[in-house]
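Heads up, the thing below is written out as structure tokens.
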Amino acid sequence: MHKPLLLSLCLFGTVATYASGAYQPMPGDTLVKKSAHIDPKSGFKDLFEKTKVNGIDARKLNAQAISYVADYMQRLGPGLQRMKSWAKPQFDMMDGVLKQHGLPVELKYLAVIESRLQPFAVSWAGAVGPWQFMEGTGRMMGLRIGPTIDERTDFFKSTHAAARYLNQLYRQYGDWLLVIAAYNCGPGGVHSAIRRSGSRNFWNLQYHLPEESRLHVKKFIATHYIMEGDGGETTLTSTEVANRGMQQAAEADADTEVIPITGKYHSAAIRQHVALDKVRFDKLNPNFDKALAHNGNYDLRLPKEKALLFQEKKQEILEQSIQLMLGMD
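Mapping of the sequence shown onto mature numbering (1 follows the signal peptide of the UniProt record, and there is no 0): residues -19 to -1, 1 to 310, in sequence order.
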């Protein structure tokens, strides 16, 4: 495998990738100039600063990416918004495959910047398919490639192969931005950048990567931001992910009350009486029914206003819970 050059004239072009060949080059780091209105601080705080840049709410967006995302949105945003509609079947399929492999579903946007989701996309270097696999990488990831068959063009099978490769890269780096960079220039390029920079933070080592690789990462962030409205796990460094988790936990603790309970309570009865949806309840109280049945006690977590309702209706909730359990026997 080798680092391919770029093909041009594709609407959502990408830079050359280690797994792939490539499409249209993007303008260089002139897109990444710092906005005069943004204090280019580093670290976690920037990701949660509310800042308007060219109409973009820059929460969760690293300051070093804001200018690039603003330009990218202006040029390619309308086409990406249309893609959300016409590519829904592809996105739904990729979501299922990525979930099966335990991966964030937002990684599907890597295929967007790789090939514009074109199954028969081919680079001059020989990369093929929606995930733009070079032949060697495709074979290593279990795809059949020969004169009469090329599974790189099979959306379903190539997505499974991409998921295996992304998992392999994540085991090496534990950081999604570095994974995206390695998908572009190969693990060797990322290892070299880490060694030369003395850092495993993409924003610190980016200028030790090939230009197309650092822009590949920013292009992924921009596409994610356009499609999802903000950033997420795959657009943060591993340190930022950890910090965000701690902040969210602290915010959750500040907004919730813990109620130690014993007895035969059922989650459905609690949710009904306090008017709390299942997703929120399960997030606050994972495996509630099984854990309470097994241990006989549980530290129930509810939003403060719901905790008051629970205390007021505790007996009714217990009685309905018992009826629900009897009905299940």
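Here a beta-carbon is modelled for each residue, glycine too, at the ideal position from N, C-alpha and C.
Secondary structure at ASN165: helix, using DSSP grouped into helix, strand and coil.
Selection GLY167, PHE137, ARG133 evaluated against GLN149 yields GLY167 as nearest (Cα-Cα). The region 112 to 126 and the region 142 to 161 touch, with three or more beta-carbon pairs separated by less than 8 Å. The alpha-carbon separation between ILE161 and VAL198 amounts to approximately 6 Å.
In the three-state reduction of the DSSP assignment, PRO267 falls in the coil class, being assigned neither a helical nor a strand state. Residues THR237, VAL239, LEU265, ASN266 of the same chain have their beta carbon placed closer than 7 Å to that of ARG282, with the five preceding and five following residues left out of the count.
Residue pairing by DSSP places ASN182 opposite no residue, since no beta bridge is assigned to it. Taking VAL255 as the centre and dropping the five residues before and after it, the same chain places the C-beta of LEU283, LYS287, LEU290, PHE291 closer than 7 Å to its C-beta, in chain order. Excluding the 5 residues flanking it on each side, LEU273 has same chain C-beta neighbours closer than 7 Å at TYR246, TYR279, in chain order. Going by beta carbons, PHE137 and PRO100 fall outside the 8 Å limit.
In the structure shown, LEU98 adopts coil according to DSSP, grouped into three states.
In the DSSP assignment, PRO284 forms a beta bridge with THR237. In the structure shown, ASP131 adopts extended strand secondary structure according to DSSP, grouped into three states. In this structure, THR134 and VAL109 form a Cβ contact; the two beta carbons are roughly 6 Å apart against a cut-off of 8 Å. Here the C-alpha atom of LEU98 lies approximately 38 Å from the C-alpha atom of ASN268. GLU87 counts as buried, since no fewer than 16 other beta carbons sit within 10 angstroms of its beta carbon. Bridge partners of PHE114 according to DSSP: VAL109.
Rounded to the nearest angstrom, the Cβ distance from ARG181 to LEU159 is 7 Å, consistent with a contact under 8 Å. Counting only the Cα atoms, SER66 lies some 35 Å from VAL171. Residue range 47 to 67 is occupied by the alpha helix (DSSP H) that includes GLY60.
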